[in-house]
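First residue of the sequence shown: 6, per our numbering; consecutive thereafter. From the three backbone atoms N, C-alpha and C, an ideal C-beta is built for every residue, glycine too. Computed from a predicted structure; not experimentally measured.
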Amino acid sequence: VNNSTVTRRRFLANGLALTSTILVGGTAVHGKEFLASKAAGSSVDFSALRKDIKGTVVTAADPEFKKFAYDTLWNRLRPSNRLPQVIVRVANDQDAITAVKFAKANGLKVVVRGGGHNWCVPSLRKGGMMVDLTNLTKVLSIDTEKRIAVTEPIVSNREIMKALNAKGFSYPTGHCPPVKMSGYLLSGGMAWNQGVWGPGVGSVEAIELVTPDGELIKATREEHEDYFWAARGAGCGFFGIALRYHLKLYPTPKNIAGNVYYFPLDQVGPLGGWLSSLAPKLSPKIELSLFVVTAPANLAEKCKKDNGKIAMVTATVFAESEEEVRTKLKPFDDCPVIDKCLEKSIHTPLTFEQLFDSSGELWPGDMRNQVDAIFSMANLKDMMEATKEHCLTMSPQSVFMFAIFTGPAVPVKPAADAAFSMTGKLYGGPWTMWKDVKDDAANIKWHLKCVELMKPYISGHYVSETDTVQFPDYAKNSFSTKNWAKIAELRKKYDPHGIFFAYFDGLN
Ligand SMILES: Cc1cc2nc3c(=O)[nH]c(=O)nc-3n(C[C@H](O)[C@H](O)[C@H](O)COP(=O)(O)OP(=O)(O)OC[C@H]3O[C@@H](n4cnc5c(N)ncnc54)[C@H](O)[C@@H]3O)c2cc1C
Numbered sequence: 006v007n008n009s010t011v012t013r014r015r016f017l018a019n020g021l022a023l024t025s026t027i028l029v030g031g032t033a034v035h036g037k038e039f040l041a042s043k044a045a046g047s048s049v050d051f052s053a054l055r056k057d058i059k060g061t062v063v064t065a066a067d068p069e070f071k072k073f074a075y076d077t078l079w080n081r082l083r084p085s086n087r088l089p090q091v092i093v094r095v096a097n098d099q100d101a102i103t104a105v106k107f108a109k110a111n112g113l114k115v116v117v118r119g120g121g122h123n124w125c126v127p128s129l130r131k132g133g134m135m136v137d138l139t140n141l142t143k144v145l146s147i148d149t150e151k152r153i154a155v156t157e158p159i160v161s162n163r164e165i166m167k168a169l170n171a172k173g174f175s176y177p178t179g180h181c182p183p184v185k186m187s188g189y190l191l192s193g194g195m196a197w198n199q200g201v202w203g204p205g206v207g208s209v210e211a212i213e214l215v216t217p218d219g220e221l222i223k224a225t226r227e228e229h230e231d232y233f234w235a236a237r238g239a240g241c242g243f244f245g246i247a248l249r250y251h252l253k254l255y256p257t258p259k260n261i262a263g264n265v266y267y268f269p270l271d272q273v274g275p276l277g278g279w280l281s282s283l284a285p286k287l288s289p290k291i292e293l294s295l296f297v298v299t300a301p302a303n304l305a306e307k308c309k310k311d312n313g314k315i316a317m318v319t320a321t322v323f324a325e326s327e328e329e330v331r332t333k334l335k336p337f338d339d340c341p342v343i344d345k346c347l348e349k350s351i352h353t354p355l356t357f358e359q360l361f362d363s364s365g366e367l368w369p370g371d372m373r374n375q376v377d378a379i380f381s382m383a384n385l386k387d388m389m390e391a392t393k394e395h396c397l398t399m400s401p402q403s404v405f406m407f408a409i410f411t412g413p414a415v416p417v418k419p420a421a422d423a424a425f426s427m428t429g430k431l432y433g434g435p436w437t438m439w440k441d442v443k444d445d446a447a448n449i450k451w452h453l454k455c456v457e458l459m460k461p462y463i464s465g466h467y468v469s470e471t472d473t474v475q476f477p478d479y480a481k482n483s484f485s486t487k488n489w490a491k492i493a494e495l496r497k498k499y500d501p502h503g504i505f506f507a508y509f510d511g512l513n
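Here's what the structure looks like:
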């Protein structure tokens, strides 16, 4: 049997919305890959797997296959040329173990689907098995004495923070409410209050995971330390299935508060320069960002000349008293262009719930997205001057944003004991968002041009918020040279048969 033909026929029989790329251009590639694997298309009998799994097993022959493959994806811009051969939506640890062992025995490569929030969708690969963690949604324990919480992977930033805040504690979660711990903690974790708490991975104490041999282990600094090292940063190149995270907790800051300023777009360069020079003098308790976004309705008229775009500065302080809020935010009183400010709010008390609400508004769901977030050592003035004209034509929903790391220790040395190894003075870039499929080409073109303009100032990418699918270099550039090589060495050592899809397997 010609395996590529079988695969193709099966896809067609199920009426999947495949593009001509996969049906015409993809057949040869598909065939080569499938022949290279023992699974070879249709030759795998999944009946034993179906029997042994408590959760759900679906293949292309099942009517709900497409739903399983796509429904938990955040990005509406989805690849149509990559689908697994089988999806195992696990119900428990044993399912994950059984799935990996079955994949190994049958020559299927494995990819993990966590929350489906990675913008470039590395959880869809051509062929193989997707192990889908969607049902693992529990915060298992919160020990306020030991300051440790244990959580399953599919718990969102908002959910974990809500559970912890109720007990007076917090964790350095990501910024947007729906993103899950799952892949966030494997990426590095650009966190709230990162200046004090560090990135998400810095506060992971242990990870329970299934290895390529189908063994459940607990990786810590002392045990299975190579897995522990790799899991904290390797992102979509990690060779295991993380089932539980043990998280170090911090008392919730008593007085969180924020300043927000709106300026005309032509101030974005001067603002960038001022914020870059101010940031090292500020407390690391301040999270500082400069945005270009669409103006709020009440300022729209004033921004007409800039195609509705506005510059926004936000400074959020994670303080312990109202007095500390005032002192820490005092330097903002000396903004050199304050006379140009269109609107401001000062010292507004905030909760994590409100911070999530604001981020949720800026990064709404149900959008088509192209994203590249980078690290930079540049002066923000240069980055902003280089991109400001281009921002005039950004789609109304897009966000162009840079966090300017604060405090005298910036750029913070990345943790020596984790794969996550990128740092800089700035973090951010274009989150290009649009609604309609007919606008794909224009927005993707706009996005690529924006990254091109930023290029002279880029010192590295962030593995989970950049397009590692189309631009393999962006994955490599998300790590120090040493750590990129070490990830490859560890994969070779612990996954010598390539059970887990590596960064670039099964994408084209
Ligand atoms: C709206 C939005 C806001 C965001 N904000 C932030 C932010 O503030 N800070 C930040 O750091 N990031 C942010 N991100 C990026 C996000 O953290 C990463 O893309 C992360 O990978 C998403 O996790 P996931 O479980 O949804 O990944 P998925 O898309 O499900 O998986 C991506 C890949 O990660 C690997 N993976 C995921 N889970 C596991 C697991 N349990 N075991 C083994 N491998 C796994 C797999 O290789 C998988 O292919 C944001 C993303 C979105 C959509």
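Around the CB of Glu-292, 16 or more other CB atoms lie within 10 Å, so the residue is classed as buried. The shortest CA-to-CA distance from Trp-79 to any of Asp-371, Pro-127, Ala-171 is the one to Asp-371. Asp-137 carries a strand assignment under DSSP once its states are collapsed to helix, strand and coil. Taking 8 Å as the cut-off, the beta carbon of Thr-486 is found no closer than this to the beta carbon of Gly-200. Of the residues Val-116, Gln-359, Arg-226, the one whose Cα lies closest to the Cα of Phe-509 is Val-116. Under the Cβ criterion (8 Å, minimum of three pairs), the stretch 225-233 counts as touching the stretch 203-217.
Minimum Cα-Cα distance from Val-298 among the listed residues Ser-288, Ile-147, Val-273, Asn-97 corresponds to Val-273. According to the DSSP assignment, His-352 belongs to the beta strand (DSSP E) that extends over 348-355.
With a cutoff of 8 Å on beta-carbon distance, Gly-193 and His-122 are scored as not near each other. Remark: the shortest separation between the CB of Val-404 and any heavy atom of ligand 1 does not fall under 7 Å.
Comparing alpha-carbon positions, the option among Leu-334, Lys-309, Arg-496, Ser-326 lying closest to Ala-320 turns out to be Leu-334.
Under the three-pair Cβ rule at 8 Å, the stretch 463-473 counts as touching the stretch 240-247.
The shortest C-alpha to C-alpha distance from Ala-96 to any of Gly-112, Leu-113, Ile-58 is the one to Ile-58.
Counting only the Cα atoms, Ala-383 lies some 41 Å from Leu-141. Within 7 Å of the C-beta of Val-144 there is not a single heavy atom belonging to ligand 1. In the three-state reduction of the DSSP assignment, Met-166 falls in the helix class, which pools H, G and I. Between Ala-101 and Leu-248, the gap from beta carbon to beta carbon is short of 8 Å. In the three-state scheme derived from DSSP, where H, G and I count as helix and E and B as strand, Val-206 is classed as helix. With contacts defined by Cβ atoms closer than 8 Å, Phe-268 and Lys-290 do not form a contacting pair. With a cut-off of 8 Å on Cβ pairs, the stretch 447-459 is not in contact with the stretch 418-432, counting fewer than three such pairs. In this structure, the C-beta of Trp-451 stays at least 7 Å away from each heavy atom of ligand 1. Put simply, of Ala-53, Gly-112, Ala-104, Val-62 the residue whose alpha carbon is nearest the alpha carbon of Pro-501 is Gly-112.
Gly-133 and Phe-506 do touch by the CB rule: their CB atoms are close to 6 Å apart, below 8 Å. Classified as exposed, Asp-339 has fewer than 16 neighbouring CB atoms from the shown chains inside 10 Å of its CB.
Secondary structure of Thr-156 (DSSP, three-state): strand.
In the structure shown, the three-state DSSP call for Arg-118 is strand.
A direct Cα-Cα distance of roughly 48 Å separates Leu-397 from Thr-61. Here Ala-235 carries a helix assignment [DSSP, helix/strand/coil].
Taking each of Leu-88, Met-166, Ala-171, Phe-174 in turn and checking the Cα distance to Cys-181, the smallest one comes out for Met-166. Between Pro-183 and Asn-198, the C-beta gap is not smaller than 8 Å, which leaves the two residues out of contact. Counting along the chain, the unbroken beta strand (DSSP E) around Asp-148 starts and ends at 144-148. DSSP places Phe-361 in the helix class (H, G or I) of the three-state scheme. Counting along the chain, Gly-277 sits inside the alpha helix (DSSP H) bounded by residues 273-283. Tyr-462 sits close to Asp-387, with the two beta carbons spaced by under 8 Å.
Here DSSP, grouped into helix, strand and coil, assigns His-229 to coil. Looking at Phe-233, Lys-286, Tyr-266, Lys-151, the one whose alpha-carbon comes closest to that of Pro-416 is Lys-286.
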